[in-house]
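Have a look at the structure below, then the notes.
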Amino acid sequence: MSVRWCRMSGVSTPTTTDTSAAPIPVKDWLPTMLTLAAIWGCSFLFISVGVRELPPLYLALGRVAAGAFVLLVFLAIKREALPRDRRIWAHSFVVGAVGSALPWTLFGYGEERIPSLLAGIWNGITPLVVLPIAVLIFKTEFFSVQRGLGLLIGFAGMLVVLGAWNVNGGADLTGQLLCMLAAISYGIAVPYQKRFLAGSKVSGTALSATLLLCAMVQLAIVAPLVTRQLPPAPWSLSPEVLGSVLALGAVGSGIAFVLNMRNIRLIGASRSAMVTYLMPVFSILVGVLILREHITWYQPVGGVVVLLGVAISQGVFSFRRRPAVVAPEPVV
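Residue numbers for the sequence shown follow full-length UniProt numbering, so the first one is 1 and each next one is one higher.
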């Protein structure tokens, strides 16, 4: 049995894989995976609704606060405590900023300018960003010809999503670049976390709560300084916006964490990472059907090319037998 660490939805989860276990029936894990894909895919819809009345910084603050509260409740139920090691808190402060506070804020600013479904597509590039940073900076991954090919294909897909042949600047380009920066921020947080927190004996729930608490403190300080206004009272928000904040935090960063942990225990981190390929489908569906957003033909096509590059770089498609590669979990 081997223990690995993954990142999902702004929180970290210790994962255990056991190759000697009997195969788990599909019916035991597929419904949960589809539920997770729907929750994380719909998060971009909730961001789009939330920024109608909330500055992105305060939307992100509400999200981390709600998520931290849910995880603290789970800790209380499990009778677990937060970590006491100062080193864990120091590294969690970095991951909380780069892996939660910053990208969630950037996605908010991005979705003030572009459709939510496009933000969901950009989220899919995260594993492509993780690989070169993990190889070149943190030395937590190795490089190969197949992974290099996957990166090139994924980069080509990014250019297609961006519509590089037809870029005229303006709000659309700015929004896409902000969402790209959010994915890059995730890409830095994942290998950093693997490098400095993977050896911790703290449970996934406790570490995840720690990360969100750090992000909450950061946003609580930064948001008033940047926006130059106090957060609006909850009762002043429309039910749609208030519900979106709660959905992003309590469901997307709280309940979904528990569901993901269940799937990881059942089928391991590698197969659980397949949710990466399902999330953009849901973000596009809810964007078109619920928000009535319009999509250009090359955006989903580029998204498919990006996911193909991700699959190749992660060893999903291989011409020879090789040990399975545990991919970074998706982050939203």
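Glycine included, every Cβ here is placed at the ideal spot set by N, Cα and C.
_Per-residue burial, residue 312 [other beta carbons within 10 Å of its own, 16 or more giving buried]_ = So residue 312 counts as buried.
*How big is the Cα-Cα spacing for residue 91 and residue 98?*
Computed Cα separation, rounded: 11 Å.
*asked:* Using a 10 Å radius around the Cβ and a threshold of 16 neighbouring Cβ atoms, would you call residue 25 buried or exposed?
replied: exposed
*Taking the C-alpha atoms as reference points, what is the distance between residue 277 and residue 39?*
Put simply, the backbone Cα of residue 277 is about 14 Å away from that of residue 39.
*Would you report the Cα separation of residue 286 and residue 136, rounded to the nearest angstrom?*
So the two alpha carbons sit approximately 37 Å from each other.
_DSSP three-state label for residue 218, please._
DSSP places residue 218 in helix when its eight states are reduced to three.
*Within 10 angstroms of its Cβ, does residue 111 collect 16 or more other Cβ (buried), or is it exposed?*
Burial call: buried.
*Compute the Euclidean distance between the alpha carbons of residue 15 and residue 274, then round it to the nearest angstrom.*
With a pLDDT of only 41 at residue 15, under the threshold of 50, the placement of this residue in the model should not be trusted; the figure read from the coordinates follows. Whole-angstrom Cα-Cα distance: 15 Å.
*Taking buried to mean at least 16 other C-beta atoms within 10 Å of its own C-beta, is residue 145 buried or exposed?*
Exposed.
*Mind reading off the beta-carbon distance from residue 232 to residue 54? Whole number of angstroms is fine, and I expect it under 8 Å.*
Confirmed, about 7 Å.
*asked:* Output needed for residue 216: all residues of its chain with C-beta closer than 6 Å, excluding positions within five of it in sequence on either side, in chain order.
replied: Contacts found: 64, 65 and 68.
*Give every residue of the same chain whose Cβ lies closer than 7 Å to the Cβ of residue 262, excluding the five residues on either side of it in the sequence, and list them in chain order.*
32
*Do residue 70 and residue 255 come within 8 Å of each other at the CB atom, strictly closer than that value?*
yes
*asked:* Just to confirm before moving on: does the CB-CB distance between residue 187 and residue 94 stay below 8 Å?
replied: no
_According to DSSP, simplified to helix, strand and coil, what is residue 89?_
helix
*By how many angstroms is the C-alpha of residue 294 removed from the C-alpha of residue 302?*
Cα to Cα, residue 302 sits roughly 16 Å from residue 294.
*Classify residue 194 as buried or exposed, calling it buried when 16 or more other Cβ atoms lie within 10 Å of its own Cβ.*
Buried, since its Cβ has 16 or more Cβ neighbours within 10 Å.
*Applying the criterion that 16 or more other CB atoms from any shown protein chain within 10 Å of the CB defines a buried residue, is residue 229 buried or exposed?*
So residue 229 ends up on the exposed side.
_For a test of your reading of the model: does the CB of residue 298 fall under 7 Å from any non-hydrogen atom of the ligand HEM? Yes or no._
Only the bare structure without any ligand can be found here, which leaves the ligand HEM out of the picture.
_Nearest residue (CA-CA) to residue 280, options 35, 29, 42 and 58_ = 42
*Could you tell me whether the Cβ atoms of residue 210 and residue 88 are closer together than 8 Å?*
Yes, Cβ-Cβ distance for residue 210 and residue 88 is below 8 Å.
*Can the beta-carbon of residue 122 be found closer than 8 Å to that of residue 60?*
no
*asked:* Let's test the definition: count the other Cβ atoms within 10 Å of the Cβ of residue 314 and tell me whether it reaches 16, buried, or not, exposed.
replied: buried
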